[in-house]
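To start, the structure itself, in structure tokens.
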Amino acid sequence: MSENKLLNRLKGIKIRFEEVGQQIANPEVIADMKKFVLLNKEYRELEPVVATVSQYETVLGNIESAKEMLAVEKDLEMLEMAKTEISELSEQLSKLEDEIKFLLIPADPQDSKNAILEIRAGTGGDEASIFAGDLFRMYQKFIEKRGWKSEVTSFSEGVAGGYKEIIMTVSGQGVYGILKYESGVHRVQRVPQTETMGRVHTSAATVAVLPEAEEFDIDMNMNDIRKDTFCASGPGGQSVNTTYSAVRLTHIPTGIVVQCQDQKSQIKNFEKALAELRTRIYNLEYQKYIDEIAGKRKTMISTGDRSAKIRTYNYPQSRVTDHRINYTMYNLPAFIDGDIQECIDLLQVAENTERLKETEL
51 MSENKLLNRL
61 KGIKIRFEEV
71 GQQIANPEVI
81 ADMKKFVLLN
91 KEYRELEPVV
101 ATVSQYETVL
111 GNIESAKEML
121 AVEKDLEMLE
131 MAKTEISELS
141 EQLSKLEDEI
151 KFLLIPADPQ
161 DSKNAILEIR
171 AGTGGDEASI
181 FAGDLFRMYQ
191 KFIEKRGWKS
201 EVTSFSEGVA
211 GGYKEIIMTV
221 SGQGVYGILK
231 YESGVHRVQR
241 VPQTETMGRV
251 HTSAATVAVL
261 PEAEEFDIDM
271 NMNDIRKDTF
281 CASGPGGQSV
291 NTTYSAVRLT
301 HIPTGIVVQC
311 QDQKSQIKNF
321 EKALAELRTR
331 IYNLEYQKYI
341 DEIAGKRKTM
351 ISTGDRSAKI
361 RTYNYPQSRV
371 TDHRINYTMY
381 NLPAFIDGDI
391 QECIDLLQVA
401 ENTERLKETE
411 L
């Protein structure tokens with residue numbers, strides 16, 4: 051993109067930023083919660099762009115001043131200083147342009163949402179359930195490091211440990227935009243606890259990350275929902291296991307079923323189950339968008355294809371390989387202990403590079 055074209059685009063962004071700032075201070079807008087939330091979201095997204103634009107304009111102004119000095123200055127030492135300054139500022143300008151281009155890539159509107167994270171044991175029997183438990187602990191530690199909050203809504207324990215299935219909600223800043231890269235099949239290669247001959251086996255678990263729908267994202271007719279209650283299973287004390295506190299909701303038009311059993315209160319379990327049901331209905335439409343962009347990109351990043359093998363955890367070699375970007379590291383204990391940010395950063399860079407190609411920037 052030429053400099054003038056970029057500046058014209060940036061000028062429009064600054065004007066829009068100022069407009070949004072004025073609108074969110076308007077009492078009429080504040081009274082309209084849906085509009086107020088959307089405008090606040092837009093303001094937060096535009097803020098880092100405008101801050102970088104200010105730096106860009108400052109550097110442009112300094113380059114112009116240095117060029118003016120170059121045109122009139124007679125002193126050789128001052129001329130050399132002006133040339134050096136122009137060279138350094140031009141390099142800085144180029145970096146800012148690249149940064150701005152990435153910031154201008156249209157964000158996935160779901161990225162700022164909270165998420166529902168599902169882990170399900172796949173092929174491998176008991177070992178797959180144990181691995182699903184390992185992945186659950188890995189994400190718990192990553193969530194703690196990010197300062198996010200998580201809450202398990204339902205689970206089914208494996209016979210030899212771990213989980214056949216575990217579902218949790220994750221809340222915090224930009225949760226879905228980061229965790230979405232974890233969707234897919236995770237494969238583990240190691241000697242299972244149940245193996246007596248010391249042979250390496252391959253097992254798998256499937257991870258699915260869904261953007262959590264907010265109340266105004268979708269209108270649900272409560273007449274379309276059947277509610278069933280049952281006794282919760284697992285730890286939690288006598289009241290959890292003997293009272294009908296667990297809730298199962300069935301959305302009759304789509305056949306979607308969700309349940310929540312982690313709270314002693316049936317009302318709280320109902321609220322959580324309803325939020326998850328809303329998310330799953332919302333994601334039926336969102337998946338169409340995911341499928342559409344998947345056809346445009348070469349990588350499998352963020353396509354939502356849960357059958358795609360995305361990562362291998364090889365214990366004998368202490369190796370983790372992400373197959374989408376050919377990323378390999380040889381410190382598996384650290385990775386499984388929650389140090390997955392570097393891999394996610396590289397996945398984000400890879401996706402943004404592809405998205406950049408889709409734009410005119």
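Take 51 as the starting number for the sequence shown in my numbering and just add one per residue.
Glycine is no exception: its CB is placed at the ideal position from the N, C-alpha and C atoms.
Here the structure is a predicted model, which means the values were calculated and not measured.
Item	Value
Assigned secondary structure, M218 (DSSP; H/G/I helix, E/B strand, else coil)	strand
Reference V307; option with closest CA among I275, S315, Q316, N319	I275
Contact check, V257 vs S233, beta carbons under 8 Å	yes
Beta-bridge partners of E207, as assigned by DSSP	Y213
8 Å CB neighbourhood of I302 in its chain, flanking five on each side removed	D274, I275, R276
C-beta contact flag for Y377 and L396 at 8 Å	yes
Meets three-Cβ-pair contact criterion under 8 Å: the region 127–142 and the region 103–114	yes
The region 182–193 / the region 120–137 touching (three or more Cβ pairs under 8 Å)	no
Same chain, Cβ closer than 6 Å to M350, neighbours up to 5 away in sequence not counted	At M350, the pLDDT of 45 sits below 50, so the modelled position is not reliable; the number obtained from the coordinates is stated separately. A358, R374.
C310 (DSSP reduced to helix, strand or coil)	strand
Which residues DSSP lists as bridging E201, in chain order	T219
Between the CA atoms of I386 and V413 - distance to the nearest angstrom	Nothing about residue 413 can be reported from this structure: the residues present for the chain run from 51 to 411 only.
Residues bridged to K359 (per DSSP)	V235
Cβ separation of K163 and G388, assumed to be a contact under 8 Å, to the nearest whole Å	At roughly 22 Å, the Cβ-Cβ gap does not stay under 8 Å, so K163 and G388 are not in contact.
Assigned exposure category for G248 - 16 Cβ within 10 Å defines buried	exposed
The region 73–83 in contact with the region 113–128 per 3-pair CB rule at 8 Å	no
Supposed close pair V250, V241 - CB separation, criterion 8 Å	6 Å
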